Every structure is written in structure tokens, then in C-alpha cells.
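Each residue of the sequence shown is one higher than the last, beginning at 2 in the numbering used here.
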Amino acid sequence: MARSMANMVGLSAFAFILGAGQLLFKAAADRAPALTRWADIPGLVTQPLLWLALALYGCATLLWIYLLQRVPLSEAYPFAALAFVLVPLGAAALFGERLSSAHFVGSALIIAGICVIGLVQR
């Protein structure tokens with residue numbers, strides 16, 4: 002089967018890139034004027050962080066297609082859930098967002114689920 006260390010690294014990198022993109026979207030949103038009408042859109046699209054986030058998502062898409070040529074979707078897709086673990090941690094570190102114990106329990110369950118799926122598919 003297509004489970005190699007390189008694929009595992011690629012799948013993990015995919016989740017990290019998705020997470021980084023989300024954090025950049027948040028940073029761009031914080032710097033842009035409030036979007037309350039169509040005339041506010043130029044204030045958002047001139048944010049360099051927005052373009053960086055979009056570029057990361059473009060790279061993530063290319064990486065995803067590359068990985069899907071090597072790994073079954075049912076095996077690859079659970080790794081995308083790592084972003085649900087990484088983004089709140091990044092939001093806490095970068096934006097001072099508070100995480101509850103529920104975040105940590107949920108993150109542990111996500112990681113456990115990925116491990117269970119990985120073990121069953123071996």
C-alpha cells in the first residue's frame with residue numbers, strides 16, 4: 002500500500018499548511034476594516050496576509066493532489082483533521098485566544114481517532 006514515511010510527512014505538512022493558512026486569514030481579518038458593505042472589500046483584498054494565506058491554500062491544494070495520487074483518500078483525509086488541533090493552539094499563541102479544557106479533550110480525541118483509523122487500515 003502507499004503508506005510510506007514520505008507520505009506521512011506530506012500528510013502532516015498538508016495539515017500544518019492548512020493551519021497556517023487559517024491563522025493568516027485571521028491575521029488578515031484583524032487588520033482589515035470591518036466588512037459591512039461591498040465598498041469595504043478593497044480594504045480586505047489589499048491585505049498582504051490575505052494573499053499569503055491564499056497562496057498557502059494554493060500550495061496545500063497542489064500538495065493534496067500529489068498525495069492523493071499516492072495515498073487512498075480514506076487514509077489521507079483523516080490527517081486534515083490535524084488542522085482542528087493545530088489552529089486553536091496557534092490562535093492561543095498568536096492571538097491570545099483562550100482555550101478551555103474541552104479544546105484539549107477534543108484535540109486528544111481527534112488525535113486518537115486518527116491513530117485508530119491508521120491502525121485499522123494497516
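Note that the Cβ used here is the ideal one computed from N, Cα and C, for glycine as well.
Just so it is clear, the structure is predicted and the values come from calculations on it, not from any experiment.
Original post:
Quick one: is the Cβ of Leu51 within less than 8 Å of any heavy atom of the ligand SAH?
Top reply: The ligand SAH is not part of the structure shown, which contains no ligands of any sort.
Subject >> Exposed unless 16 or more other CB atoms sit within 10 angstroms - verdict on Met2 >> reply: Confidence at Met2 is low in this model, with a pLDDT of 42, below 50, so its placement is unreliable and no value can be given for it.
**OP:** Compare the C-alpha of Leu90 against each of Asn8, Leu69, Leu57 and His104 and name the closest.
**Re:** His104
Original post:
Less than 9 Å separating the beta-carbons of Ala28 and Leu95?
Top reply: yes
Original post:
So, is Ile18 buried or exposed, given that buried needs 16 or more other C-beta atoms within 10 angstroms?
Top reply: buried
Subject >> Closest by C-alpha distance to Gly22, when choosing among Ala61, Val46, Gly44 and Trp65 >> reply: Ala61
Subject >> Neighbourhood of Leu12 by C-beta, 8 Å cutoff - its chain only, sequence neighbours within 5 removed >> reply: Leu68, Val72, Ala77 and Phe80
**OP:** Whole angstroms is fine: what's the gap from Phe85's alpha carbon to Ala113's?
**Re:** 13 Å
Original post:
What is the rounded straight-line gap between the Cα of Leu24 and the Cα of Ile115?
Top reply: 23 Å
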